[in-house]
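Student: Before we start, here is the structure in question, set down as structure tokens.
Numbering (the numbering used here), first residue to last: 1 to 138.
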């Protein structure tokens, strides 16, 4: 009987490990968050690179890249204890609202003038979080 209980316990542990029940260590989780913050930085750089030859569609595409990166940051931040991403979330939400508020018929210079301060707020919040976590410079 004891052998059977040990066998069942071992199988359950293996199944749980294979299914992702095991949480990453805090070091691994923080490293993932730093990596995701780096990806967010790249997406923000792409958005900052928009210019008068870009279209409103390009602005929205760049916002979608930032959105995808933010989803990854939020997911990895959930795995790190004692990390607050409130400022980053608020800055991103403001950027998202600003991009959604750009009319389809707006000129690109008008649209960029509207969203550039919001992009900078996200950049600043990302940099602050990166520094707080002591992430490698990216």
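Ideal placement from N, C-alpha and C gives every residue a C-beta, glycine not left out.
Are the CB atoms of residue 53 and residue 141 within a distance shorter than 9 Å?
Tutor: A query on residue 141 cannot be resolved here, the shown segment of the chain reaching from 1 to 138 and no further.
Student: Quick one: what's got a C-beta closer than 8 Å to residue 43's C-beta in the same chain, skipping five residues either side?
Tutor: For the purposes of this step, residue 43 is taken as residue 43 along the chain shown, with counting starting at 1. So the list reads 62, 65, 66, 68, 69, once near-sequence residues are dropped.
Student: Please give the ranges of any alpha helix (DSSP H) in the stretch 16-60, keeping only runs that are unbroken, at least 4 residues long and fully inside the region.
Tutor: Complete alpha helix (DSSP H) runs here, min 4: 26-48.
Student: At the level of alpha carbons, what is the spacing between residue 45 and residue 27?
Tutor: Indexing the chain shown from 1 puts residue 45 at position 45. Indexing the chain shown from 1 puts residue 27 at position 27. Approximately 27 Å between the Cα atoms of the pair.
Student: If contacts are defined as beta-carbon pairs under 8 Å, then residue 73 and residue 40 qualify, I think. What distance do you get, rounded to the angstrom?
Tutor: Counting from one through the chain shown, the residue named residue 73 turns up at place 73. Counting from one through the chain shown, the residue named residue 40 turns up at place 40. Right, their Cβ atoms sit about 6 Å apart.
Student: Between the beta-carbon of residue 91 and the beta-carbon of residue 116, is there less than 9 Å?
Tutor: The count along the chain shown starts at 1 and reaches residue 91 at position 91. The count along the chain shown starts at 1 and reaches residue 116 at position 116. Their beta carbons are not under 9 Å apart, which means residue 91 does not touch residue 116 by this criterion.
Student: Which value, in whole angstroms, describes the spacing of the CA atoms of residue 113 and residue 76?
Tutor: Counting from 1 along the chain shown, the entry for residue 113 is found at position 113. Counting from 1 along the chain shown, the entry for residue 76 is found at position 76. Rounded to whole angstroms, residue 113 to residue 76 spans 32 Å at the Cα level.
Student: Less than 7 Å between C-beta atoms, sequence neighbours within five positions excluded: which residues of the same chain meet that for residue 81?
Tutor: Taking the first residue of the chain shown as position 1, residue 81 is located at position 81. Taken in chain order, the residues that qualify are 26.
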